[in-house]
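Chemist: I'd like to ask you about the structure that follows.
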Amino acid sequence: MINCGPKMSYSHLQVEQSGWVNECQYDYLYVYVDTGDDIEVYGPFCGTRIPDPIMYTGQAQVTFVTDTEGTRKGFSLLYGLEPNMTKCPESVAVTQFYVPTLCYYLTIM
């Protein structure tokens, strides 16, 4: 069976990074995902390295923090639905067929 779940990813990330590698001091992004039981925190994200996509259920919040110094191009966030496919065991007899749910992508610029 194929279900669709929310997926968040970045197609572009160019946010000011401090002088130290992987240190996000001035401008950065955080993603907060409500799992129903807890809040998962992803980030901070800065510089130009695009983070891995985030698959989640529930609600998500993106927070962008910036200072008044320096400018970069910013970020482009993609949000959409991604098929969640469960791998079947090797010894499965197919008795029903499912039509995959179509998933659409929305680009937020």
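The sequence shown begins at 1 in UniProt numbering and counts up one residue at a time.
Built from N, CA and C at the ideal position, the CB exists for glycine as well.
Determine the direct distance from the alpha carbon of G36 to that of L78, and round the result to whole angstroms.
Modeler: For the purposes of this step, residue 78 is taken as residue 78 along the sequence shown, with counting starting at 1. For the purposes of this step, residue 36 is taken as residue 36 along the sequence shown, with counting starting at 1. L78 and G36: Cα-Cα distance of roughly 23 Å.
Chemist: Could you have a look at S9 and say whether DSSP puts it in helix, strand or coil?
Modeler: The residue given as residue 9 occupies position 9 in the sequence shown. S9 falls in the strand class under three-state DSSP.
Chemist: For G58, collect the residues of the same chain with a Cβ closer than 7 Å to its Cβ; drop the 5 residues on either side in sequence, then sort them by chain order.
Modeler: Along the sequence shown, one-based indexing puts residue 58 at 58. The answer, listed in chain order, is V33, D34, T35 and G36.
Chemist: Sorted by chain position, which residues of the same chain lie with C-beta nearer than 7 Å to T48's C-beta, five sequence neighbours on each side aside?
Modeler: Here residue 48 is taken as the residue at index 48 of the sequence shown, counted from 1. Cβ neighbours of T48 beyond the five flanking positions: L13 and Q14.
Chemist: Indicate whether Y28 and V65 have their beta-carbon atoms separated by less than 8 Å.
Modeler: The residue labelled residue 28 in the question sits at position 28 within the sequence shown. The residue labelled residue 65 in the question sits at position 65 within the sequence shown. Their beta carbons are under 8 Å apart, which means Y28 touches V65 by this criterion.
Chemist: What residues in its chain sit with their C-beta under 8 Å from that of G43, if we drop five residues either side in the sequence?
Modeler: Residue 43 sits at position 43 when you count from the first residue of the sequence shown. Closer than 8 Å at Cβ, skipping near neighbours: C24, Y28, L29, Y30, V31 and P51.
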